[in-house]
Structures are given as structure tokens and as C-alpha cells.
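Asks: Let me begin by handing over the structure; questions about it come next.
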Amino acid sequence: MSGTHTNEINPTKETIKLYAKQLRTPAFVGYENVVRQLSPGDGYDKFLCETMKLEVSQRQIAGQRRRIKKAGFPVMKTLDEFKFERLEHISDSYIWELASC
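So this is what it looks like as C-alpha cells:
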């Protein structure tokens, strides 16, 4: 049988997973998804940049979740639920502008 069977273990992929775990870069485990999104002419630097961008994004999201959890807020609140009519001297649009920063 050829080496393309899906149940076979790929030593290179397993090594990448191991290194990603040791380096604490979990986005690198999903490198195959990045490869699928690249154009045929994209080089290694584009691949590395996209994989690192994914890692940074995942860390930012995880950090935000960690800070929210650490803050111990009893209920998640969003501006969609905010009662703007309670503000007398600030417009709704100004609040939304600040939220987009």
C-alpha cells in the first residue's frame, strides 16, 4: 500500500506537533490549514508570517478570555444590552466610536 493512507502516522507531522507543544505555539499544529489558504506562488516567508499571525491572534483571544475570567464578572455584558438613554451628556455614536478603538 502507498504512504498516502489517512490512518498512517506521519513522523514529520507528529514532530511538528511535539515542537509546537514544547515551544507553546499551538497555532503551528494547524499549519496544514494555513498551507491550504496560501496561493501556489507564496513562499515559505508568507507561510511563516500567516502561521505566526494565527498564533498571535489566538494568544490575544486567550488573553482576553483569561482577563475576563480573572476579573470575576458575574455576567457577561455587551454594549448591545446597554441602556444609552441613561446617559444624559454622551451620544450613542460616541460610545460606539470608543468601543471600536
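Residue numbers (our numbering): 33 to 133.
Every residue, glycine too, gets a C-beta built ideally from N, C-alpha and C.
Going by DSSP in three states, V61 sits in which element: helix, strand or coil?
Replies: helix
Asks: In the DSSP assignment, the alpha helix (DSSP H) including E82 goes from what residue to what residue?
Replies: Y76 to A103
Asks: Less than 6 angstroms between C-beta atoms, sequence neighbours within five positions excluded: which residues of the same chain meet that for V61?
Replies: K49 and A52
Asks: On a CA-only basis, which of K78, I41, W128 and L80 is nearest F114? Give me that one, please.
Replies: W128
Asks: Kindly examine the ligand ATP and report whether one of its heavy atoms sits closer than 7 angstroms to the Cβ of G75.
Replies: Of ligands this structure carries none, so the ligand ATP is not represented either.
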